[in-house]
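J.: Residue numbers (my numbering): 3 to 148.
1. State the CB to CB distance for the pair residue 16 and residue 53, rounded to an integer number of angstroms; the pair is presumed to be in contact (CB under 8 Å).
2. When DSSP labels each residue in this structure, what does residue 71 get in the three-state scheme?
3. From residue 6 to residue 18, what distance separates their C-alpha atoms?
4. Can you tell which of 78, 89, 42 has its C-alpha closest to the C-alpha of residue 61?
5. Apart from the five residues on each side of it in sequence, which residues of its chain come closer than 7 Å, Cβ to Cβ, to residue 142?
6. What residue from 99, 136, 87, 111 has the CA that sits closest to residue 30's CA?
7. Residue 34 and residue 91 - do their beta-carbons sit closer together than 7 Å?
8. Run through the DSSP bridge pairs and tell me what residue 65 is partnered with.
9. Rounded to the nearest angstrom, what separates residue 144 and residue 32 at their Cα positions?
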């Protein structure tokens, strides 16, 4: 199977995210816990917050130096209990295979757009599609009341 245009796919996902966020009665919220270990997490979080704002999603980021990774992991369950956050994600430089964190219904929708789990597994945080999928996950969870 031919590789998809990941930037075009990101635009498609963000268009869907904007539409879904606009239909919800609550503003979706996403928290990112970024473990800094040699990557530009500040630029990543700033870009994600801009894209989230454009889509109607509240984003907040917490940055931890690599030696405090365990503290970041301990904060994750506390953030998941907040009512204004629908998804909290711990992210390291090596990324995160989002395919294991997205719901089956969202994965099915992505496959219709040609975004397969194998593609998702290879994404890096620097890619627009990676950020778009984080926002999609937050919107979907907000829609489920989680």
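Beta carbons are placed, not taken as given, at the ideal position from N, Cα and C, and that holds for glycine.
As the structure is a computational prediction, the values presented were derived from the model and not from experiment.
T.: With the given structure in hand:
1. 7 Å
2. helix
3. 18 Å
4. 89
5. 105, 108
6. Considering only 99, 136, 87, 111, the residue with the shortest C-alpha distance to residue 30 is 87.
7. yes
8. 36
9. 10 Å
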